[in-house]
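Engineer:
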Amino acid sequence: MKIVLATSNEHKVKEINAIVAQENISFILPPSGFDPIEDGLTFEENSLIKARAAWELSKTWVLADDSGLCIDALNGAPGIHSARYAQTPQERIDRVLSELEGVNNRSARFKCCMTLINPSGEVEFSYTGVCEGSIVNEQRGTNGFGYDPIFLLDNSDRTMAELSEEEKNKLSHRGKALTAVIEYLNKK
4 MKIVLATSNE HKVKEINAIV AQENISFILP PSGFDPIEDG LTFEENSLIK
54 ARAAWELSKT WVLADDSGLC IDALNGAPGI HSARYAQTPQ ERIDRVLSEL
104 EGVNNRSARF KCCMTLINPS GEVEFSYTGV CEGSIVNEQR GTNGFGYDPI
154 FLLDNSDRTM AELSEEEKNK LSHRGKALTA VIEYLNKK
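Following this line, the structure appears as structure tokens:
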């Protein structure tokens with residue numbers, strides 16, 4: 004089964020295909036012209052916006068996701084603005100660490116909402132994966148990307164960036180959401 008992954012990021016397609024390698028599913032990029040305006044107020048709304056935009060171009064199975072980091076002491080920020088919280092990944096990390104300077108409550112979570120649309124254009128399945136943790140005081144680890152070096156997993160002494168790719172795929176918000184989607188598709 005081929006499913007359009009609502010992204011322009013080839014790396015994300017390869018990463019997800021590696022995760023589902025044992026399944027009878029493969030993901031492909033959407034047709035050219037995919038450039039939705041993500042103006043939703045939640046991860047769920049933005050995931051649906053991307054899914055519908057990719058479906059309009061492909062008229063087939065589509066999977067979209069929207070994800071980000073939500074920090075309690077920052078009232079859920081950066082949230083849906085995680086990728087645009089600053090210009091570069093390092094500047095985003097620096098901004099979060101600066102905003103949390105002197106703050107004791109550093110609880111946070113990564114969220115990933117995935118929306119699956121069927122060839123008729125209807126939402127077939129939606130799921131939000133959550134990974135609980137907290138923000139450390141300084142970066143640790145070299146794996147992963149984004150906020151991974153400052154996100155300490157609950158019940159662990161390691162940040163996301165200190166996990167192997169295989170470990171991260173099992174524990175991450177995106178891994179949990181993708182597992183739920185695959186389980187749903189396998190039951191169909």
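The working numbering puts the first residue of the sequence shown at 4, with every later residue one more than the last.
Just so you know, even glycine gets a beta-carbon here, dropped at the ideal spot from N, CA and C.
Please read all numbers here as calculations on a predicted model, not as lab measurements.
How about ALA54 and PRO33: do their beta carbons lie closer than 8 Å?
Structural biologist: No; because the gap between Cβ atoms is not below 8 Å, this pair is not in contact.
Engineer: For PRO152 and TRP64, I'd like the C-alpha separation in whole angstroms.
Structural biologist: Between PRO152 and TRP64, the C-alpha separation is close to 34 Å.
Engineer: Quick check on the burial criterion: 16 or more other C-beta atoms within 10 angstroms. Buried or exposed for SER61?
Structural biologist: So SER61 ends up on the buried side.
Engineer: If you drop the 5 nearest sequence neighbours on each side, which residues of the same chain put their C-beta closer than 6 Å to that of SER129?
Structural biologist: Counting only Cβ-Cβ distances below 6 Å, and skipping sequence neighbours, we find THR118.
Engineer: Do the region 106-125 and the region 89-98 touch if we need at least three Cβ pairs shorter than 8 Å?
Structural biologist: No: fewer than three Cβ pairs fall under 8 Å.
Engineer: Taking the continuous alpha helix (DSSP H) assigned at PHE46, which residues delimit it?
Structural biologist: Element bounds for PHE46: 46-61.
Engineer: If I'm right that ALA111 touches GLY136 with Cβ under 8 Å, what's the distance once you round it to whole angstroms?
Structural biologist: Confirmed, Cβ separation roughly 6 Å.
Engineer: Name, in chain order, the residues that DSSP records as bridge partners for ARG112.
Structural biologist: Bridge partners of ARG112: CYS73, GLU135.
Engineer: To which residues of the same chain is ALA76 closer than 7 Å at the C-beta, ignoring the five residues directly before and after it?
Structural biologist: Answer for ALA76: LEU103, VAL106, ASN108, ARG109, listed in chain order.
Engineer: DSSP puts ASP68 in a beta bridge; with which residues?
Structural biologist: Beta-bridge pairing links ASP68 to MET117.
Engineer: Grouping DSSP H, G and I as helix and E and B as strand, with all else coil, what is GLU41?
Structural biologist: Residue state, collapsed to three classes: coil.
Engineer: Rounded to whole angstroms, how far is the Cβ of GLU165 from the Cβ of GLY144, which I believe are closer than 8 Å?
Structural biologist: With a Cβ gap of about 4 Å, GLU165 and GLY144 count as contacting.
Engineer: Among SER70, GLU141, ALA56, VAL139, which residue has its Cα nearest to the Cα of ILE40?
Structural biologist: The option with the nearest alpha carbon to ILE40 is ALA56.
Engineer: How would you write the range of the beta strand (DSSP E) that LEU156 sits in, first residue to last?
Structural biologist: 154-156 is the span of the beta strand (DSSP E), which, as asked, contains LEU156.
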